[in-house]
Structure formats: structure tokens, C-alpha cells
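Note sheet for the following structure.
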Amino acid sequence: MMLKYLIDENVDPTYTNQLRRLNSDLFAIAVGDITAPPKGTLDPEILLWCEAHDCILVTNNRKSMPVHLAEHIALNHHIPGIFILSPKLSIGENLEQLILIAEGSFNDEYQDRIEFLPLF
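In C-alpha cells:
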């Protein structure tokens with residue numbers, strides 16, 4: 001089964017649109033979409049949603065996300081993972097990373113971890 005992504009509201013909407021266009025089998029939803037958390041949802045609630053819906057969070061939030069993840073795990077919760085986009089990569093390069101990771105990863109491979117792109 002391919003990974004599923006929740007794209008953080010502060011990430012350029014191009015990511016969600018292009019992930020869907022480049023790989024129609026890839027589940028990608030953005031905060032603010034109809035079945036996703038609404039815009040303005042606090043990060044701890046986003047992590048709970050990701051846990052409940054088995055989605056990896058894709059974000060550019062490098063500063064507070066490690067703190068939120070530690071608190072989430074301390075409350076005996078888990079998350080499929082968090083991917084932090086690289087400001088040094090172009091949108092296309094970040095997208096390529098996300099698609100390759102989704103296609104070549106195992107379920108739970110990134111559980112309770114933050115990964116900074118690029119992975120390879």
C-alpha cells in the first residue's frame with residue numbers, strides 16, 4: 001500500500017495539485033480540503049488527525065514540529081511520520097522525493113519520526 005500525505009496549510013498548494021497530477025494513485029490531501037482538517041487547526045490536532053487517518057504530514061515547519069511530535073508521543077500517540085520539505089530544493093525536486101518515497105516505502109517505515117528532505 002502506498003503512503004498517504006496530508007499537506008500542511010502553509011505549504012504551497014502546488015504540492016497537492018502536482019502530487020495528484022503526477023501520480024493519480026497517490027493519496028494527497030491538504031489542510032482545508034473538504035475531508036481534511038480545516039485551515040487554522042492547531043498542530044497537535046493535525047497530528048491526531050494524521051494518526052487517525054494514517055497520513056504522513058508534509059510540512060515546512062522546522063521549528064515547532066519536533067516539539068509537537070515529542071508531546072504527541074509522550075501522550076502515547078503515534079503518527080505515520082512527518083516529512084519536512086527542503087527550502088534548498090525546487091518544488092519539482094521536493095515533489096520527486098515525495099513520489100519516490102511513497103512508491104518505495106513500507107508501511108510504518110517513518111512512524112513517529114521526522115524526516116528532512118531530501119532522503120536520497
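Going by full-length UniProt numbering, the sequence shown opens with residue 1, and the numbers climb by one from there. Beta carbons are placed, not taken as given, at the ideal position from N, Cα and C, and that holds for glycine.
Which residue from Gly-104, Met-2 and Leu-85 puts its Cα closest to that of Ile-114?
-> Leu-85
If you pair each beta-carbon of the region 51 to 62 with each one of the region 4 to 15, do three or more pairs fall below 8 Å?
-> yes
So, helix, strand or coil for Val-58, using DSSP?
-> strand
Pair within 9 Å by beta-carbon distance, His-77 and Leu-98 | no
Burial state of Ile-91, where buried means 16 or more other Cβ atoms lie within 10 Å = exposed
Please determine, among Asn-23, Pro-118, Leu-42 and Leu-69, the residue with the shortest C-alpha to C-alpha distance to Gln-111.
-> Leu-69
Bridge partners of Ile-101, per DSSP?
-> Bridge partners of Ile-101: none, in fact.
When the Cα atoms are used, what is the spatial distance from Leu-95 to Leu-6?
-> 14 Å
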